[in-house]
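Residues in the sequence shown are numbered from 1 upward in steps of one, following the UniProt record's numbering. Even glycine gets a Cβ: it sits at the ideal position worked out from N, Cα and C. Please read these numbers as outputs of a predicted model, since none were measured by experiment. What follows is a single structure, written as structure tokens, with notes after it.
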Amino acid sequence: MFLQKSIFLHPTLELSDQSSWYYIGEILNELGKRLRSKGYDGYNLLSANGVAAGQSVKHFHFHVIPRKKNDGINAWPNFETKPNNTSDFFEKVKF
């Protein structure tokens with residue numbers, strides 16, 4: 001499997017309003033259709049936001065990882081530590 005370095009779907013898209021997020025949803029819906037038409041079974045999206053999360057460039061973007069059933073890729077990390085108290089987390093980020 002190969003992963004293309006970059007695909008710029010809309011290099012100047014501003015994410016300051018809800019219509020921009022709607023547009024991103026439309027793009028992702030179309031992306032899913034196109035990947036399925038090329039024989040993929042799904043895809044993962046990765047977005048690293050902030051240095052602690054591994055963000056290497058200072059703009060918002062997604063990495064798209066096309067997937068096939070039983071492709072051997074485990075997209076979810078296996079955390080060996082105890083789970084955090086999610087109640088505390090959600091209380092801190094509550095809107």
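Use the C-beta contact count for Pro77: other C-beta atoms within 10 angstroms, 16 or more gives buried, fewer gives exposed. exposed
Measuring CA to CA, which of Leu31, Lys58, Phe79 is closest to Tyr40? Leu31
Limits of the alpha helix (DSSP H) - the one that Tyr23 falls within: 18 to 37
Find the nearest neighbour of Lys38 within the set Arg67, Val93, Gly72, judged by alpha-carbon distance. Arg67
I need the DSSP call for Val57, collapsed to helix, strand or coil. coil
Tell me the residue span of the beta strand (DSSP E) that contains Leu64. Note that residue 64 is Val in the sequence shown, not Leu. From DSSP, the beta strand (DSSP E) with Val64 extends over 63 to 67.
Rounded straight-line distance, which links the Cα of Asp71 to that of Met1: Since pLDDT at Met1 reaches only 39, below the 50 mark, its modelled position is unreliable, and the value read off the structure follows with that caveat. If you take the alpha carbons of Met1 and Asp71, they lie about 9 Å apart.
Nonlocal neighbours in the same chain, by C-beta distance under 8 Å from Phe90, ignoring five residues either side: none
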